[in-house]
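Take a look at the structure below.
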Amino acid sequence: MPSPAIETEGLTKFYGDVRGVEDLDLTVPRGELFGFLGPNGAGKSTAIRLILGLLNPSAGTARVLGAPIDDKAAFLDVRKHVGHIPSDPQFYDEVSGRKTLDYFASLSGGERREELLERFPVPLDRPVRAYSRGNRQKLAIVQAFMHDPRLVVMDEPTSGLDPLVQREFYEFLREERDRGVSVFFSTHILSEVRQVCDRVAIIREGRLVAVEDIDDLLERSGKVVTFSSPDDISLADFEFDETIDARIEPDGSLRLVVSGNYDALVDALENYRVEDLEVRETAIEDVFMHFYDAGPEGETETRQGTVADGESATDSGAGRDSGPTNGEVEPPPDEKTGGRK
Amino acid sequence: MMDELDIALFEFNQRRRGILIVSVLLVATAGLTIAVFPSFGEADVDFAELLESYPEEFQTAFVGSVTDFSSLDGYLVVELYQLVWLLIVGSYFAYAAGSLVAGEVDRNSAELVLVRPVSRTRFVLGKFLAMLPAVVIVDLLVLAAVVVGAGLIDEELRFSRLLLVHAVGGLYLVDCVAIGLLASTVFKRVRRAQGAAIGVVFGTFLLDSLTTDTDYEFLGNLSLTRYIDPGELLVLGDVDWGGVAVLVAVACAAVVLAAEVFERRDLS
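Sequences listed follow chains A and B, in order. Residue numbering for the first sequence follows my numbering, beginning at 506 and increasing consecutively. Residue numbering for the second sequence follows my numbering, beginning at 2 and increasing consecutively.
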């Protein structure tokens, strides 16, 4: 069995007193699209830079495709098979896209370059200085994949891409995954996680909060039922084992999150006159807000039970109405506005 | 794989314009300096006397060991090599080299290179190598300008001695590059690295000049300029091989140290 794509053990980085990441134990299996989700400032970029050997850990270690990052020779060798898209990639302003790619190809190869450029075209002969954000991002995609890496590590790779290119990129990532490439990427865009990831690790305040299979997570997160009645609704009638959250909204209607046992729900509804009833899938925001809402640091971390463990799973409300395809956690004020519908 | 050569070539190509501009300026400086030499000799001023009226520190800094500058070689040592070459061109190369590594770290382009199978040591070495052709180009162009200029005013210069001053002078510039490179790995901000590099070259130049013939002369041993004497090289044809050895050793040590520093460092 091959070593995992990425494996970290107690990986810790402090900048002076400021925590980047703390005691991160994470295993990214090979051949998966693995999302790394967290709000801005959670330590995603620090973790990625540690894994790529750009930063030295304060404690702990990591292995990339089996090579320990502190074994210089082995880690140097394994980087032939690694691609990287940094957040906000910076190239050489005065150098054309073509010469930039020539340079990178001379250092690590570029056998898939033409094929990638057909898919993600950029104005090759113009200096990178004249590139739009989206073109720079496409150039970053090409340089990250052109040497046919086995593992690609990306830090918010879709920022700046317009929706069409973004969709093309998701499709491309799925194809790469099917070819056996491991992809590890950070994001704070929930819809991206839902559309692309097989699995997601959630990080908050520098610590790993959970690692979840996306399908399980969505299945387990249940349905949102909204129900209004001229009668007074009693919460107690709706407290089944499968109830994740139940509350009476200010307008007197009931908002319920349940994961199964709909028979019991139907039975309970029988006691009421029904004025309005809506059943919808849980928005992924509702699911993830749970992790971000969890109390002060140190109290709830590393819990694996996710939504099923009861309390305020859907408390947050942030982004609830934006629907399942458009959610972001804490969008930064100065970016992420151009590319997304 | 020869990653350092690829890195060197890429860096050199980005610096071609800068090298061209500096070369043109220096060739023009050399040409003008030589052009005024005939009128300098005819003028009714005793320059030896004039210079003696300046403070001693000034003389050691800008005149060096030359005593006779009625001949073109002595004149060139004072006007071109001592001041322009050692101080200004040296500072320029230290400054230019200050951005070699720090420039990429500061702008975050370094990470696109360093996630590839390129060691930090090779990266630093490649950046250093990129500056060597720049030194050679500037060195040879100024040499050519001096030869042509001397021919145009019908003055004789001994070509072998001119070669000596440009050979050791080129080595001195390589040292300035190495110091700039070291500063470039120590500091993460390009402005700081360049400031530090220029400060070291400029500062030690002054240190050498100000301590010569004082009780603190030993402090001047820290200066690169203590190990190169354009006057001796051009006027007398004497090579201080001990000094050359020090210059070579300093360049090597600075490059090795730069690589070591960068190997251990966090990339911002």
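No residue lacks a Cβ here, since even glycine has one placed at the ideal position from N, Cα and C.
Alpha carbon to alpha carbon, how far is residue j from residue i? Give it in angstroms, no decimals.
i: residue 202 of chain B; j: residue 93 of chain B; result: 9 Å
i: residue 158 of chain B; j: residue 178 of chain B; result: 29 Å
i: residue 822 of chain A; j: residue 193 of chain B; result: Interpretation of residue 822 of chain A is limited by its pLDDT of 37, a score under 50 that renders its predicted location unreliable; no figure is taken from the coordinates.
i: residue 785 of chain A; j: residue 767 of chain A; result: 13 Å
i: residue 718 of chain A; j: residue 752 of chain A; result: 28 Å
i: residue 671 of chain A; j: residue 530 of chain A; result: 30 Å
i: residue 510 of chain A; j: residue 255 of chain B; result: 38 Å
i: residue 123 of chain B; j: residue 81 of chain B; result: 36 Å
i: residue 573 of chain A; j: residue 29 of chain B; result: 55 Å
i: residue 587 of chain A; j: residue 198 of chain B; result: 35 Å
i: residue 675 of chain A; j: residue 521 of chain A; result: 38 Å
i: residue 618 of chain A; j: residue 683 of chain A; result: 19 Å
i: residue 119 of chain B; j: residue 581 of chain A; result: 7 Å
i: residue 635 of chain A; j: residue 23 of chain B; result: 27 Å
i: residue 523 of chain A; j: residue 251 of chain B; result: 38 Å
i: residue 774 of chain A; j: residue 747 of chain A; result: 16 Å
i: residue 516 of chain A; j: residue 708 of chain A; result: 13 Å
i: residue 79 of chain B; j: residue 248 of chain B; result: 22 Å
i: residue 762 of chain A; j: residue 749 of chain A; result: 5 Å
i: residue 241 of chain B; j: residue 225 of chain B; result: 13 Å
i: residue 703 of chain A; j: residue 578 of chain A; result: 32 Å
i: residue 468 of chain A; j: residue 594 of chain A; result: What is shown of chain A runs 506 to 846, which leaves residue 468 of chain A out entirely.
i: residue 769 of chain A; j: residue 743 of chain A; result: 8 Å
i: residue 110 of chain B; j: residue 637 of chain A; result: 17 Å
i: residue 204 of chain B; j: residue 167 of chain B; result: 23 Å
i: residue 154 of chain B; j: residue 73 of chain B; result: 10 Å
i: residue 147 of chain B; j: residue 160 of chain B; result: 10 Å
i: residue 470 of chain A; j: residue 544 of chain A; result: As shown, chain A starts at 506 and ends at 846. That puts residue 470 of chain A outside it, with no answer to give.
Can you name the residues of chain B whose CB is closer than 9 Å to the CB of residue i?
i: residue 582 of chain A; result: 118
i: residue 591 of chain A; result: 109, 112, 113, 116
Are the beta-carbon atoms of residue i and residue j separated by less than 8 Å?
i: residue 603 of chain A; j: residue 629 of chain A; result: yes
i: residue 246 of chain B; j: residue 131 of chain B; result: no
i: residue 645 of chain A; j: residue 590 of chain A; result: yes
i: residue 125 of chain B; j: residue 260 of chain B; result: yes
i: residue 140 of chain B; j: residue 174 of chain B; result: yes
i: residue 622 of chain A; j: residue 650 of chain A; result: no
i: residue 189 of chain B; j: residue 106 of chain B; result: yes
i: residue 726 of chain A; j: residue 787 of chain A; result: yes
i: residue 606 of chain A; j: residue 117 of chain B; result: no
i: residue 220 of chain B; j: residue 207 of chain B; result: no
i: residue 710 of chain A; j: residue 567 of chain A; result: no
i: residue 731 of chain A; j: residue 764 of chain A; result: no
i: residue 200 of chain B; j: residue 12 of chain B; result: no
i: residue 867 of chain A; j: residue 528 of chain A; result: Residue 867 of chain A is absent from the model: chain A starts at 506 and stops at 846.
i: residue 185 of chain B; j: residue 103 of chain B; result: yes
i: residue 559 of chain A; j: residue 698 of chain A; result: no
i: residue 615 of chain A; j: residue 642 of chain A; result: no
Pull up the CB-CB distance for residue i and residue j, whole angstroms please, since I reckon it's below 8 Å.
i: residue 733 of chain A; j: residue 772 of chain A; result: So it is not a contact: roughly 18 Å between Cβ atoms.
i: residue 677 of chain A; j: residue 624 of chain A; result: 7 Å
i: residue 87 of chain B; j: residue 165 of chain B; result: With 8 Å as the limit, residue 87 of chain B and residue 165 of chain B do not qualify as a contact, their Cβ atoms being about 15 Å apart.
i: residue 150 of chain B; j: residue 35 of chain B; result: 4 Å
i: residue 508 of chain A; j: residue 570 of chain A; result: 6 Å
i: residue 121 of chain B; j: residue 113 of chain B; result: Actually they are not in contact, since the Cβ atoms of residue 121 of chain B and residue 113 of chain B sit about 14 Å apart, beyond 8 Å.
i: residue 96 of chain B; j: residue 19 of chain B; result: Actually they do not touch by this definition, with Cβ atoms about 11 Å apart.
i: residue 540 of chain A; j: residue 685 of chain A; result: Contact flag wrong, Cβ pair sits at about 18 Å.
i: residue 552 of chain A; j: residue 533 of chain A; result: Not confirmed; about 11 Å, so no contact.
i: residue 75 of chain B; j: residue 257 of chain B; result: Actually they do not touch by this definition, with Cβ atoms about 38 Å apart.
i: residue 518 of chain A; j: residue 550 of chain A; result: With a Cβ gap of about 11 Å, residue 518 of chain A and residue 550 of chain A do not count as contacting.
i: residue 778 of chain A; j: residue 736 of chain A; result: 6 Å
How about residue i: is its C-beta nearer than 8 Å to some C-beta of chain C?
i: residue 595 of chain A; result: The structure shown contains no chain C; its protein chains are A and B.
Who are the neighbours of residue i on chain A, taking C-beta pairs under 8 Å?
i: residue 268 of chain B; result: 554, 559, 560
Under 7 Å between beta-carbons, which chain B residues line up against residue i? List them in chain order, please.
i: residue 599 of chain A; result: 15
i: residue 585 of chain A; result: 118
Residues of chain A with CB under 7 Å from residue i, in chain order?
i: residue 4 of chain B; result: 612
In chain B, which residues lie less than 8 Å from residue i when you measure between Cβ atoms?
i: residue 608 of chain A; result: 7, 11
i: residue 648 of chain A; result: 113
Quick check: does the Cβ of residue i come within less than 7 Å of any heavy atom belonging to the ligand HEM?
i: residue 246 of chain B; result: No copy of the ligand HEM appears in this structure; indeed no ligand is present at all.
Subject >> the stretch 109 to 120 of chain B: positions lying closer than 9 Å to chain A by Cβ >> reply: Per Cβ criterion, the list reads 109, 110, 111, 112, 113, 114, 115, 116, 117, 118, 119, 120.
**OP:** Note down, in chain order, all residues in the stretch 6 to 31 of chain B with a beta-carbon under 7 Å from any beta-carbon belonging to chain A.
**Re:** 7, 11, 15
**OP:** Please name the residues in the stretch 762 to 787 of chain A whose beta-carbon is closer than 9 Å to at least one beta-carbon of chain B, in chain order.
**Re:** none
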